[in-house]
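These notes concern the structure reproduced below.
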Amino acid sequence: MEAMYKLQNDKRVLIEKAQINFKKAPKDRITKIYVETRLESLEALWKEFSSTHNNIVQNASDVQRKSDKYFVDDIYDITEELYIFHKIQLKEVLNKFGYYSSDPKSKTNDHSTSNSVKLPKICIPKFSGNYAEWTTFKDLFTSLVHKNDTLEDVQKMHYLKGLLSGEAEQLVRHIAVTSDNYKECWSLLHSRYNNKRFLSNCLLKRLLSQANIIESSSSIKGLLDTTMECLNGLKNLGIDISTWDIIIIHIISSKLDFESRKQWETKLSFKDELPVLLEFKDFLEARFRALEFLNAGTNKPTASVIKKATTHHVISTDNKPNEVTCPFCEEGHKIAHCKKFAKESYEARHNFVQTRRLCFNCLNSNHSIKFCRHNGSCRICKRRHHSLLHPQSVSNSAVPNENSHIATEVKSAVSRVQASLSEDEPSPSNLVSYFSKGSLPKQVLLATALVEAQTRSGSTQLLRVLLDQGSQASFIAESAVQLLGLKKTPVKTVISGIGGEKSAFASKYAVTVTIHSRLDPSFSIQVHAFVLGSITSILPSKKLEVFSWPELTQITLADPDFHTPSKIDILLGAEIYGQVLREGLIKSSPNAPIAQNTVLGWILSGQISTSDHPIHCHHVIHSNSDQADDNALLRQFWEIESVIPDQKILSDEEQRCENIFAQTTHRDKEGRYVVNLPFRDQDPQCQYGSSRDLAIKRFHLLENKFKRNPEVKARYSEVFQEYIDLGHMEPVPSDELNNISAVYLPHHAVVREDKTTTKVRIVFDASMKGLNGVSLNDDLMVGPRLQPPLRHIIMRWRMHPISLCADIVKMYRQVKVSSEHAEFQRVVWRDDPESVIKEYKLVRVTFGTAAAPYLAVKSLQQVAIDEGGSYPDVSEIIKNDFYVDDLMTGCQTVDQGLHLHERLTEVLTKGQFPLQKWVSSRNELNERIQGHAERTKQKEEQERDIKLDSVVKILGISWDRQSDECKYSVQLPPQQFPVTKRRVISDIARLFDPLGWVAPCIIISKIFIQKLWLSGLDWDAELTPDLLSEWETYRASLVETNKISIPRWINTKADDSLMELHGFCDASIAAYAAVVYVRTIDAEGKIHVNLITARTKVAPVKQQSVPRLELMGAVLLSELIIEVARVMKISPPHIHAWTDSSIVLAWLSKHPSHWTTFVGNRVSTILSRIDNSHWAHVQSTHNPADLASRGLTPQELACSSLWSQGPPWLHEETIEYSRPKSIVTNTEKRTIKVHVATETQQEVPVWKYKTQQKHV
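For the record, in the sequence shown the residue sitting at position 1221 is 1221 according to full-length UniProt numbering, with numbers rising by one throughout.
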C-alpha cells in the first residue's frame, strides 16, 4: 500500500507541476498543437491516477481508511480538483483558437467564422441566493451550460460552483466537483430557490409598494418600467394575468401625479368601456415623451453659472455590506445621494418625503424626525432638517455674482480606527471616507487586485484586495473569514476618531491568511489581518469608462474588473505592499491613472476624469501603528474620584426598550410572560446574514470536541433533551425550514463543577456575525439596569436577624419569546453524529442574547406589579432583594419567615417563576420550610427546594449558615510562568470584594498595578526581579485571607434598635480611603459595632499634597456614607464623619469661596452631603481608614480589631465629638488680587476766578 500511496503522490505532483509550467510558458509557445499535447498528457496522467486509486480503495481496510494519510488528507479529491481546473484552463485556451472538442484527440476544427460578425461574449452573472435573481440566472445557465451537450457534467459542475456566491455557494459548498454530483447540485439549487410562491410575493410586493410619483418624465418612466417588469415576471412564473387589467390600472393610476391622473380621467370620460392595460401603457408612454420634450425646451443655465464654484455636500459613508434601495428611483443608493431626487423642485422633494413618511432630517424610513438619532442638520440654515429640504428663497433664482463663491467648502466625515493586538505590537488603523459634490468631474481610483486566498482545507478562493501603502495594519472582512473558514484569535482593540474621539468600529479578532498570486503561482505570503465587519463600501463608487486608456491593453492587470463597483475583502497594509512591488511604472495623461507593476499584476491608482457631475464617494483608507492605550483601564485605579449620580436617567435607547416591553408583552393562559426581543430597528439586519451554514460549521467543531470528552457530551445531551422535554425548544416545521430570514445561533458548553444543580450550562452565541457582519446581539438593545447594585442587596441582607435565601429555577427559561421572534433563535442539534442534523427554535429567553438579563428581570419585576397588590411587603422584596435570580432577604421571626416563604412562592408561581434551594440561618425555619415542601410537592421537588449545606456560596460570598458569618475566600490558579503584567492583572481581577471588607489587603494590589504601569512594561513582558519578588510575596500571603470572617447580622431590629453611622477617612502618599461602621444600641442598651463597607483609591500619578489627598478621602467618605444611609434608611442626624486631618476640618469650617478652586469645589461637594457640624477629629491611632490607606498583609488584617470593630470608644455609651480649639490654616487659601488705579488731581488756583460760582 505504501508503494501505491507514493505513486499517487508522484502523480499528484506531476499534475500540479503541469499546471504551474503551463502558466510559466512564454506566450509565443502557446499554440494549438502545444495545448492539445498538454491536454493529452494530462488525460493520461489522470487515467493512471484513477486506476491506481481504484486499486487502493479495493484493497484498503476500514482501519486504513480512517488512519492512513492518503484517505485522511483526501488526496484523491485534491488531485481531482487540480486535474479539473487545469483541464478547464487548457480547453479555454483552445476555445480562443476557435477550437473546441470534448475529445482532446479530435483534430477537427469548427467551421471558420473569420467572415462572421463577432458577437459580444455572454456573461452569466453570479447568483448569490437572492430569490429575485433566480429566474434570470436559471434561464441563462440552462441555455448556456445545462443544455450544452458539448460539456461534460464535471465541467458543468465546475461552471455552476464558480457562478455561485453568498448563501447559494454555502448551500452546495460541501458537494465535491464530480460528474455524479452535478445533477444533485443543480437539483438542490432548483428545490431551494425555484419557490414560485415566494417569487410571486416578491414581485407583487414590489408592484404594490411603488411610491406616489411627481410630475416628471423620469418618474413616470420608472413607474411604467417597474410595473411591466413585475407583470412580465409573474407571467414567466405561469400566472395568468390576462384579467388583471382593471386592477393594475386602478393601482398604478393612483400613484400618478395630479396632472397625469387628470389627463387620464379626461381621456376615459369619452368612453363607457373598461380600459385595457395596453391603452394605459400607451397613455403613460405618450405622457413621459411629452414631458421629455417640454424639459428639453427649457432654458439651460449659462456658462458662467456652470463654471461657478459650488459648495461640497459631505455625508459620512455607511459601511454596512447589505444593499440599500432608494425609495425614489429604486436604485442601489440612499435617497440622500439620489441625483434624480436632487433634480426635483423643493416642493416635489418635500411632498415626496411627507407622503412616504420619511425622516425630514436623515431621510430614512424607520422613524420620524422626533426620534432621529442623526446629529446632522441643514448646512444652509443649520436647522434640524436635511439640506435637500431647505426652502428655496426668491434670491436663489437669480444668477449669483461669479465672485460670491470663490472658495469651495469641503466638509468630511472622518472615522479613525485604531486597532491594537493584545500582543507585542499594537496596530491601530484609520479609515477615512467622505462624499463630496465638487465642480470638477474627477474621481480618485484606489489600487485593487484579485488574489487567491487559501481556505482552511487547502483549496483557494478568489478575493478582491485593496493595497494601501499608508496603512501599518492589514484588515479582512468578516464575510471573507467565514468563506475561508479561518481560525480567529481574540485581540484587544482601542478605537478612536480624529482628535481622540471614540469610533463605533472595532476589531475583536485577528486571523492569519495565506494569499497566492493569480499570475505567479510560486509567490505566496502570509498576512496577519484584523477582522472587521466590512473594510469599506464598494469600490469604485460607480462604473468607470476604460476605453480612453489605450495603455491598459498592453499590460496584465491585477484586477481586470477594476472599473466595476465591487466589495473589498482584504486590505493589505504597507508591510505587504512593499513585498509585492516590482520594477515598472507607467504614467500617462494627467487625467489617467498610474500603473505600478506588482507580483499580483499591474495595479492602477490615481485621479481619473468622468463624464458627469455626480455626488462622488471618495474613499481614503489610511492606517498607522501607534502604541495602543491599553493601560487606560489600569488608570481607573488612581484617577481622582468622581461622583456617581444618585438617580440614573434613562437614555433614549433604554426608554425605547422599556416602551417595547410595555407595548408588546402579554401573558399566556398559564400566566407566563410572553415577550418580544427589543430590536434597535424594525428591520434587523441580522436576518440577512445567512447564519445557518456558519452555525452548522460550529456544530461540527463542537462534535469533534465531544469525541475527546464523552462525559461532557453525555451531560450536554441531557441538557438539550431537557430543553425538548420541557418545551423550551421546539422542532422547526418542515414547511418553515426554508425561511431565509431565520437567525441561527451556535452553542457551546460551560462546565461548572462547583454548581450543585446545573454543572453543564449551554451558552448560545448570539454574538456570532453572519455573512453581512451583523450578529443578533448587534441588533438587540441591552435595556436599562433594573435591580439594585449587589452591595446594596448585601447591606440590606445583613440587617435581618434571620436570613432567608433562594433562587429561581431556570429563570431565563421561564419567560417565553413570541413565536415571531423565536425565528431569531434557531439552533441545530443531533444527539448521534451519524443521524441527520435537526433544526430547532428556542421559544424561551435565551442565555447568551444581549437582551436576556433585561427581559428576565423585567418580567420578574412585572410579577410584583401584577400579582403583589395583596402583599406589599412581598412586592418590595421582589423589586429590591433579588440580584438576577438570587434572593437575599430575611425576617424578624421564624413565623414571619415561613409566611414570607409561602407568599413569595404564591406570587412568583403565578408568573411561572418557581423558587428552589431555600436556606436560612435558623435550622427551625429550614425544618418548617422542608415540612411544607413534603406536604405540597413531589419528592424530586422536595430535594430541589431545600439546601442544607453548612457553607453556602451565594453571589460570590461564602456564608456559613451555622455560625451566621460571611467568610472571605481567595481561589487563585497555580502561578504560571513567566510572570507577566497580563497574568498579574488577571490574578488581581479574581479578588472579589464588593463591599471592601478586606480593603487594606486589596489596596496593596492596586498600588502594585500602578507600579506596573509606571514601570512601562509591555503586557507580555516578564516582571523585573524586584517587582517579581514583591508580587510573589503578596500572592503567597493571599491564602491567609481565608481566615477572615465578619458577622452577617449587624444586630439591628425593626423596632427597638438605634442605629448610627460612623465613617472614617484618611490618606497616605500612596492611597486614600473611607470606611463606614454601623453602631447599634439594642433595647437592653447593649452596644454593637460592625463594619459595613469600605472603599479605597490609589493616589494619582501626578503627586498631590497629603492634605489634598486627605480632602479627596473626605469626598470619598461623604459619597460612601450617604449611599449606606439611603440603603439602611438612617436619617442625617445619626450620620457622623471622622478625619484625623486638622487642615481638612479647617477647610470645612469656612465657605468654599475662601479656598482655591481645587479645595473649594471639594469642600462644596462634602458640605452638600454632610453638614460641617457632623465632622469631628479622630486620633490617627484610632482611625481605621489609616489601615486601608497604607495597606495591611492578610495576617495583620485577620488580627486587627480596629478594622473589624472600629475604635474602642465606639463601644462606649458616650462618645466625645472633639474638634481642635483653633482651626485656622492658610493652606490653599484663595489669594485675592485687586488692581487699584489712583488719579491725582491738581489744585485749581482760586485767584484765576473772579467769583465762587465760576470756580465751582
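Every residue, glycine too, gets a C-beta built ideally from N, C-alpha and C.
The structure presented is a predicted model; accordingly, all values stated were derived computationally and were not measured.
Would residue i and residue j qualify as a contact pair, given that the criterion is a beta-carbon distance under 9 Å?
i       : j       : result
Val1124 : Leu1187 : no
Ser466  : Leu450  : At residue 466 the sequence reads Leu, which differs from the Ser that was named. Contact flag unset, no.
Cys686  : Val743  : yes
Ser217  : Arg173  : no
Val1106 : Ala1071 : no
Leu39   : Leu90   : yes
Tyr193  : Gly238  : no
Ile220  : Leu291  : yes
His1211 : Trp1049 : no
Lys161  : Glu169  : yes
Ile78   : Ser459  : yes
Leu207  : Leu231  : yes
Arg672  : Val815  : yes
Gln8    : His53   : yes
Would you mind reading off the limits of the beta strand (DSSP E) that contains residue i?
i       : result
Cys657  : From DSSP, Cys657 is part of no beta strand (DSSP E) but of the alpha helix (DSSP H) over 652 to 664.
Ser920  : 915 to 920
Asp807  : 802 to 808
Gly890  : 886 to 891
Phe475  : 474 to 477
Glu583  : 581 to 586
Val465  : 460 to 467
Trp1147 : Trp1147 -> not in any beta strand (DSSP E); alpha helix (DSSP H) instead, spanning 1142 to 1148.
With which residues is residue i paired in a DSSP beta bridge?
i            : result
residue 1268 : Because the chain is modelled from 1 through 1256, residue 1268 falls outside the range shown and cannot be assessed.
Pro275       : None, per the DSSP bridge assignment.
Asp1066      : Ala1073
His528       : Thr512
His958       : This sequence places Ser at residue 958; His is not what is there. DSSP, once it has assigned bridges, lists Lys953, Lys967 as partnering Ser958.
Cys1199      : None; Cys1199 has no bridge partner.
Phe127       : Leu164
Tyr840       : Pro731, Val827
Ala330       : It should be pointed out that residue 330 corresponds to Glu in this sequence rather than to Ala. According to DSSP, which records beta bridges pairwise, Glu330 is partnered with nothing at all.
Met1059      : Thr1080
Arg1095      : Ala1074
residue 1300 : The displayed coordinates of the chain run from 1 to 1256. Any statement about residue 1300 would go beyond what the structure contains.
Ala1137      : Gly1063, Trp1175
Arg65        : Bridge partners of Arg65: none, in fact.
Leu151       : DSSP output for Leu151 lists no bridge partner at all.
Would you mind reading off the limits of the alpha helix (DSSP H) that contains residue i?
i       : result
Tyr968  : Here Tyr968 belongs to no alpha helix (DSSP H), and DSSP marks it neither H nor E.
Lys87   : 75 to 96
Pro1107 : 1106 to 1128
Thr1165 : 1157 to 1169
Tyr1217 : Note, Tyr1217: premise wrong, no alpha helix (DSSP H); not H, not E.
Leu571  : Here Leu571 belongs to no alpha helix (DSSP H); instead the beta strand (DSSP E) covers 570 to 572.
Arg708  : 692 to 708
Ser859  : 852 to 867
Arg761  : Arg761 -> not in any alpha helix (DSSP H); beta strand (DSSP E) instead, spanning 760 to 764.
State yes or no: is the beta carbon of residue i nearer than 9 Å to at least one beta carbon in chain D?
i      : result
Leu571 : Within the model displayed, chain D is absent; a lone protein chain is all it includes.
Exercise. Pairing CB atoms from the stretch 652 to 666 with CB atoms from the stretch 761 to 770, are three or more of them under 8 Å?
Worked result: no
Exercise. Quick one: any contact between the stretch 700 to 714 and the stretch 790 to 806, if contact means 3 or more CB pairs under 8 Å?
Worked result: no
Exercise. What alpha helix (DSSP H) runs, 4 residues minimum, are completely inside the stretch 976 to 1029?
Worked result: 981 to 989, 999 to 1015
Exercise. Any chance the stretch 212 to 228 sits against the stretch 336 to 351, with 3 or more Cβ pairs inside 8 Å?
Worked result: yes
Exercise. Can you find at least 3 beta carbon pairs, one from the stretch 764 to 783 and one from the stretch 476 to 486, that sit closer than 8 Å?
Worked result: yes
Exercise. Using 8 Å as the threshold, is the stretch 526 to 536 in touch with the stretch 565 to 576, meaning 3 or more CB pairs across them?
Worked result: yes
Problem set entry | Start-end ranges of the alpha helix (DSSP H) lying completely within the stretch 165 to 234, minimum 4 residues | 166 to 171, 179 to 193, 196 to 208
Exercise. Per the contact definition of three or more C-beta pairs closer than 8 Å, is the stretch 1120 to 1136 in contact with the stretch 1149 to 1164?
Worked result: no
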